[in-house]
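Residue numbers (the numbering used here): 4 to 53. Take a look at the structure below.
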């Protein structure tokens, strides 16, 4: 079974993928130290967001 998180699509996460299809991340999954996107886009620019 696959877990899907229903969240907000943030404009700067244009290519966030965990599988062949793109996903939206919950705000708690951005800059949390875990790479949720294959391209680690969710952990980039965190110093600007703080």
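Note that CB positions come from ideal geometry on N, CA and C, so glycine has one too.
State the start and end residues of the unbroken alpha helix (DSSP H) segment that holds residue i.
| i | result |
| --- | --- |
| residue 41 | Looking at the DSSP string, residue 41 is not in any alpha helix (DSSP H), and its letter there is neither H nor E. |
| residue 49 | 49-52 |
Is residue i near residue j, with beta carbons less than 8 angstroms apart?
| i | j | result |
| --- | --- | --- |
| residue 46 | residue 27 | no |
| residue 51 | residue 20 | no |
| residue 36 | residue 25 | no |
Can you name, in chain order, every residue of its own chain whose Cβ lies under 6 angstroms from the Cβ of residue i, other than the five neighbours on each side?
| i | result |
| --- | --- |
| residue 49 | 34 |
| residue 32 | 39 |
Note down, in chain order, each residue of its chain lying with its Cβ closer than 7 angstroms to the Cβ of residue i, except the 5 sequence neighbours on either side.
| i | result |
| --- | --- |
| residue 44 | 16, 18, 19 |
Which value, in whole angstroms, describes the spacing of the CA atoms of residue i and residue j?
| i | j | result |
| --- | --- | --- |
| residue 29 | residue 23 | 19 angstroms |
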